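Input: a single structure, listed below in structure tokens.
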Amino acid sequence: MSDANETLSNLAHENRTFAPSAEFAAQANAKADLYDQAEADRLGFWATQARGLDWETDFAEVLDWSNPPFAKWFVGGTLNVAYNCVDRHVHSGHGDQVAIRFEGEPGDQRNVTYRELLGEVSKAANALTALGITAGDRVVIYMPMIVEAVVAMLACARIGAPHSVVFAGFSAEALRSRIDDASAKLVITADGQNRRGNVMSLKPAVDEAVASCPSVNSVLVVKRCGNDVTWGEKDVWWHEFVESQSPEHTPQAFDSEHPLFILYTSGTTGKPKGILHTTGGYLTQVTYTHRNVFDLKPETDVFWCTADIGWVTGHSYIVYGPLANRATQVIYEGTPDAPAKDRWWDIVERHGVTILYTAPTAIRTFMKWGDEFPESHDLSSLRLLGSVGEPINPEAWIWYRRVIGGDRCPIIDTWWQTETGAMMISPLPGVTATKPGSAMRALPGIGVAIVDDAGSPLGNGSGGFLVLTEPWPAMLRGIWGDNQRFIDTYWSKWPQYYFAGDGAKFDDDGAIWLLGRVDDVMNVSGHRISTTEVESALVSHPSVAEAAVVGAADETTGQAIVAFVILRGGLEGADGTSLVATLRNHVATEIGPIAKPRQVMIVPELPKTRSGKILRRLLQDIAEHRSIGDSTTLADPAVMNLISAGLESSSTDD
Ligand code: PRX
């Protein structure tokens, strides 16, 4: 948290606030009275939000919190999520409105109207049923950012089969463990995806994973790139099987608490947690936040969230929130530098994007690339900018506002998590005078506090742990197959609060500043990776005896992974340079390229307390090139000298 604290003390001198313009405020969906409504009657407020959806059976009770931490929202209600995201817009006369403006990396384009989307989702739902999938069965989706990925998720929701989307950059092993943990019956994938002008095949990872997952009966494969694939007896082509299905499908309503999806995220152990989300509460909160925080106007806006569907941001703000609100949105398959570093700005200009939602790591990358790329495009269509995934430093915030937003667009910095399902802390763009770098305050209907170690709430000017004080509709309902871990991780430090794992501070005006994780979870380019996960990957290599991993401050990615490794005996004469490269690649193969350490340092010892706990804080000092802090609790105080001496002879970056 030291870096964030530095930012914070710099900000003590930073008094700028940016109030919305009078024009923006006047037309905003959310006015200041939204806070008053929620405060006057929190559950009534959420009931009103929920009733904006189409329920087959109305709910009898807003919240059942009789068995904490297991909440039930909108008890007794039934609805179909896909119906709410697609059918109802066609029925209300908006079938010809474009839902998705897809752009592939090679430049291919496809507009999909809500009517067409209904046909596609219905065909896919029929296909899933024909493959033997029924309500409650788990389906793993391992796909590029293409229209079929959205269709696949909605088809699962339509038939009540919880999906588990696995980011297509994850390794075969990461995919295997997720298929296995959820005992998935079906995997939906593609032959490959376009990345930076190349075709990256996806099917081999699926083949490898499925070979050791007996629960999988079928693999449905979209032909995206036409690359060669090995074909097995479980494999079915999407363009043959789905396309031959009827475009008619009658959706069935499911209980408000029916599981909608599982999404794996890193925790503090090596085993990812399957975060479980359900139907009515989740859809209510993603729809409410998408409408009010993005100020969405379905008739005129072109929304673009640049996340991948493999992360929760893609679930909530590409698929469910925007479609439930009848948005027209851009989906882009590829990387921001293909074919050139102005690709995003070219997309904004050509599609007339009005609302852009992205991550600080991307913003910092664009800052580094230079203003000439955005400046070579007309970005005047933009009217609102959003940020998510990690703290946004004031410099990046100001750049985003000035260069991308032309000094006219409000910026919403939105704090939330895979576990919260939807935004929790954020400005309201037509109400809040924002401060560069602050997520400002809890959204209407959400209860947030910052507490000290004893769980006592802190006031303005104080820093501590961020907690959520009230159950919220989109909250996780548990960890798949491990309720005890759910209780232990989030509800045991202070049983009356949900512990988010983040440090935070109220400034003197009561604005909230997020200070980063307080546990052993790193945030690399807005993605959560646990130190233990990377350590286990490293020690699975035959050369490694022991490993300790820390997240070190990084100008572009927020944090970067730095690993300290002790080699097994007998490897003293090994070629350090090639071993470092081998180990970095090994982690990429075990977990995925996003987990590849920026540096691997070969050391003779690790700093440990007498009880054997690694003092990561000291390693972090080394990784961040600081003088080493208090080392009096070390079992062997000489060890830091040994490490420093050892480092001089080991190689680091590539
Ligand atoms: O540390 C916080 C950080 O990302 C974590 C959640 O990660 P994940 O579940 O992968 O979800 C990311 C997208 C919602 C949080 O515990 N985080 C997320 N948004 C912000 C943030 N930190 C500071 N400011 C944010 N706006």
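The numbering of the sequence shown is the numbering used here, which starts it at 8 and goes up by one.
Note that beta-carbon positions come from the ideal geometry of N, C-alpha and C, so glycine has one too.
All values reported here derive from a predicted model rather than from experimental measurement.
beta-carbon Q424 near ligand 1 non-hydrogen atom, thresh 7 Å:
Under cutoff, so the answer is yes.
Taking the C-alpha atoms as reference points, what is the distance between P644 and S638?
Distance between the alpha carbons of P644 and S638 is about 7 Å.
Considering only heavy atoms of ligand 1, does any lie closer than 7 Å to the CB of T320?
At least one heavy atom of ligand 1 is nearer than 7 Å to the Cβ of T320, so yes.
Cutoff 6 Å; reference Q44; Cβ partners in own chain excluding five residues on either side:
A distance below 6 Å between beta-carbons, with the five flanking residues on each side excluded, links Q44 to the following residues of its chain, in chain order: F52.
Any chance the CB of L41 is under 7 Å from a heavy atom of ligand 1?
False, no ligand heavy atom lies under 7 Å from that Cβ.
Using 8 Å for Cβ pairs, my map puts H384 next to E356. What's the rounded Cβ distance?
About 4 Å separates the two Cβ atoms, so the contact holds.
Taking the straight line between their C-alpha atoms, what separation do you get for I418 and F31?
F31 has its alpha-carbon roughly 12 Å from the corresponding atom of I418.
Does ligand 2 have a heavy atom nearer than 7 Å to the CB of E402?
For the structure depicted, ligand 2 is absent and the ligand set comprises only ligand 1.
Looking at the structure shown, is R575 part of a helix, part of a strand, or coil, going by DSSP?
In the three-state reduction of the DSSP assignment, R575 falls in the coil class, being assigned neither a helical nor a strand state.
Own chain, CB closer than 6 Å to F310, minus 5 neighbours either side, in chain order:
Non-local C-beta neighbours of F310 in its own chain, meaning closer than 6 Å and more than five positions away in sequence, comprise P329, A334, Q336 and I362, ordered along the chain.
Name the one or two DSSP bridge partners that K615 has.
Note: K615 sits in a beta bridge opposite I621.
Exposed or buried, Q292, counting other C-beta atoms within 10 Å across all chains shown (16 or more means buried)?
For Q292, the number of other beta carbons within 10 angstroms of its own is at least 16, and it is reported as buried.
Is H284 near ligand 1 - that is, is its Cβ less than 7 Å away from at least one heavy atom of it?
Not under cutoff, so the answer is no.
Consider the C-beta atom of R448 and the heavy atoms of ligand 1; say whether any pair is separated by less than 7 Å.
For R448, the shortest C-beta to heavy atom distance toward ligand 1 is 7 Å or greater.
What's the C-alpha gap between V455 and A449?
In a straight line, the C-alpha of V455 is about 6 Å away from that of A449.
Which residues share a DSSP beta bridge with R202?
Paired residues: N205.
Taking all protein chains shown into account, do 16 or more other C-beta atoms lie within 10 angstroms of the C-beta of G619, making it buried, or fewer, making it exposed?
Label assigned to G619: exposed.
So what's C92 in DSSP terms, helix, strand or just coil?
Looking at C92 - three-state DSSP - the assignment turns out to be helix.
Based on the DSSP output, what are the partners of I338 in its beta bridges?
According to DSSP, which records beta bridges pairwise, I338 is partnered with F109.
Are three or more beta carbon pairs between the stretch 272-282 and the stretch 299-316 nearer than 8 Å?
Look at the beta carbons and you see the stretch 272-282 not touching the stretch 299-316: under three pairs across the two are nearer than 8 Å.
Rounded to a whole number of angstroms, what is the C-alpha to C-alpha distance between R108 and P151?
Approximately 16 Å, taken between the alpha carbons.
Distance between K241 and S634 (C-alpha atoms, nearest Å):
Looking at the two C-alpha atoms, the distance is approximately 57 Å.
I need the boundaries of the alpha helix (DSSP H) containing K280, first residue and last residue.
Taken as a continuous stretch (DSSP letters only), K280 belongs to no alpha helix (DSSP H), being part of the beta strand (DSSP E) at K280 to T285.
Ligand 1 heavy atom lying under 7 Å from the CB of V93
No; taking the cut-off as 7 Å, the Cβ of V93 has no heavy atom of ligand 1 nearer than that.
What separation, rounded to the nearest whole angstrom, lies between the Cα atoms of C92 and H101?
So the two alpha carbons sit approximately 12 Å from each other.
Can you name, in chain order, every residue of its own chain whose Cβ lies under 8 Å from the Cβ of I621, other than the five neighbours on each side?
Excluding positions up to five away in sequence, the list reads A555, L613, P614 and K615.
According to the Cβ coordinates, are G204 and P346 closer than 8 Å?
Yes, Cβ-Cβ distance for G204 and P346 is below 8 Å.
Just list the beta strand (DSSP E) runs in the stretch 57-84, keeping only unbroken ones of 3 residues or longer that don't cross its boundaries, in chain order.
Taking 3 residues as the minimum length, the beta strand (DSSP E) runs contained wholly in the stretch 57-84 are 68-71 and 79-82, in order along the chain.
Is the beta carbon of D643 within less than 7 Å of some heavy atom of ligand 1?
Residue side-chain check: D643 keeps its Cβ at 7 Å or more from all non-hydrogen atoms of ligand 1.
How do the stretch 499-514 and the stretch 458-477 stand: do at least 3 beta-carbon pairs fall below 8 Å, yes or no?
Result yes; three or more Cβ-Cβ pairs closer than 8 Å.
With a threshold of 8 Å, are at least 3 pairs of Cβ atoms found where one atom belongs to the stretch 511-528 and the other to the stretch 430-449?
Enough Cβ pairs lie closer than 8 Å, so yes.
Given S657, which residues of its chain have a CB within under 6 Å of its CB, disregarding the five upstream and five downstream residues?
Legend: pLDDT at S657 = 48, less than 50; position of this residue unreliable, no value from coordinates given.
To the nearest angstrom, how far is the alpha carbon of L283 from that of G577?
Here the alpha carbons of G577 and L283 stand approximately 46 Å from one another.
Rounded straight-line distance, which links the Cα of M647 to that of P169
For P169 and M647, the gap between their C-alpha atoms comes out near 49 Å.
Best match in T421, L50 and S388 for proximity to R415 [C-alpha to C-alpha]:
For R415, the nearest C-alpha among the options comes from S388.
With respect to 7 Å, is the separation between the Cβ of E540 and the closest non-hydrogen atom of ligand 1 below this value?
No - ligand 1 has no heavy atom lying nearer than 7 Å to the Cβ of E540.
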